[in-house]
Ligand SMILES: O=C(O)c1ccccc1NCC(=O)[C@H](O)[C@H](O)COP(=O)(O)O
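Structure (structure tokens):
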């Protein structure tokens, strides 16, 4: 299975085009008013029209209620809903049922203890996004450009987890470190926002291209031999189909 690459927090036609031309599989649009990447629905609809049929459209929200989600879905017809708040497995199931769309749940990882919740979330969501926990003083629950210890996701720590679909890795990835992350973890996908920006909320086309290139090169290399012999390759799945 080939590595899926998501560029999150795109907000202009130019940077969106850079992500699509670089070969991103997924593009993320942020609906969270406190974020410098926040999009209003009209702007998002225009960007979605530019993407349709070229990559998957991911709508990111944070503890959004049904009315807010309905507005987002009607405006951009996303392929995937990314939930980046404190949505529990019951809420994820309710959202999947109500909107008939696959859900990717972001889970903050700070230590081995955070892995315990993964099976419950994997059973409810279509995908998991394993992200860093936000720093204590952070305004945003994600998109903070901080990484967690990737070694938490190597063989012994994942051994007891019933994961049956590829997860995406995120948090502090950038063009310089994504190769090492892919070779070590062999995730199903990688997701980046801050690491391809020149300032908060301002994406850099060159960094987007460099990120995609580095991730693809590392994925090809990893496919020729797993870095962690205790771990099946590619990364295991997180939900029965
Ligand atoms: O990007 C935002 O502004 C944002 C706001 C609220 C919740 C999540 C948000 N972003 C999440 C992401 O962009 C990524 O899924 C992930 O957290 C990685 O971000 P980064 O560490 O900046 O690459």
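Numbering (UniProt numbering), first residue to last: 1 to 241.
Glycine residues also receive a C-beta, built at the ideal position from the N, C-alpha and C atoms.
Residues of its chain near residue i, where Cβ-Cβ distance is below 7 Å and the 5 sequence neighbours each way are ignored
i           : result
residue 106 : 82, 83, 84, 129, 131 and 142
residue 139 : 34
residue 22  : 208, 209 and 212
residue 93  : 124
residue 204 : 196, 197 and 198
residue 24  : 5, 6, 7, 55 and 212
residue 187 : 166, 167, 168, 169 and 235
Residues near residue i by beta carbon distance below 8 Å, same chain, minus five either side
i           : result
residue 80  : 26, 56, 57, 58, 59, 101, 102, 103, 104, 126 and 127
residue 201 : 9, 11, 35, 36 and 37
residue 207 : 174, 175, 195, 196, 197 and 198
residue 13  : 46, 47 and 50
residue 90  : 124
residue 120 : 89
residue 135 : 144 and 146
residue 16  : 10, 27, 47, 50 and 51
residue 67  : none
Anticipated Cβ contact below 8 Å, residue i with residue j, distance rounded
i           : j           : result
residue 61  : residue 99  : Residue 61 to residue 99, Cβ: 11 Å. No contact.
residue 190 : residue 170 : 7 Å
residue 41  : residue 71  : 6 Å
residue 7   : residue 44  : Rounded, the Cβ-Cβ distance is 15 Å, inconsistent with contact.
residue 209 : residue 18  : 7 Å
residue 172 : residue 133 : Rounded, the Cβ-Cβ distance is 11 Å, inconsistent with contact.
residue 65  : residue 86  : Actually they do not touch by this definition, with Cβ atoms about 13 Å apart.
residue 116 : residue 152 : The pair is not a contact, with the Cβ atoms about 12 Å apart (cut-off 8 Å).
residue 69  : residue 216 : The Cβ separation is near 33 Å, so there is no contact.
Same chain, Cβ closer than 6 Å to residue i, five either side skipped, listed in chain order
i           : result
residue 96  : 103
residue 150 : 181, 184 and 185
residue 179 : 214 and 218
residue 241 : The predicted model places residue 241 with a pLDDT of 34, which falls under 50 and marks its position as unreliable; any figure quoted below should be read in that light. None.
residue 221 : none
residue 250 : Here the chain covers residues 1 to 241 and nothing more, so residue 250 does not appear.
residue 232 : In this prediction, residue 232 scores a pLDDT of 44, lower than 50, which makes its location untrustworthy; no coordinate-derived value is stated.
residue 30  : 9, 37, 38 and 60
residue 73  : 99
residue 193 : 8, 9 and 143
Inset, instruction - List in chain order: all unbroken beta strand (DSSP E) runs of 3+ residues lying wholly within the stretch 143–227. - result: 168–170, 189–192 and 197–199
Inset, instruction - May I have a chain-ordered list of the alpha helix (DSSP H) segments no shorter than 4 residues that lie completely inside the stretch 77–130? - result: 89–99 and 118–124
Legend entry - Ordered list of alpha helix (DSSP H) runs contained in the stretch 37–64, each at least 4 residues: 41–51
Inset, instruction - Can you check the stretch 8–40 for any beta strand (DSSP E) of at least 3 residues that lies completely inside it and give the ranges in chain order? - result: 26–31
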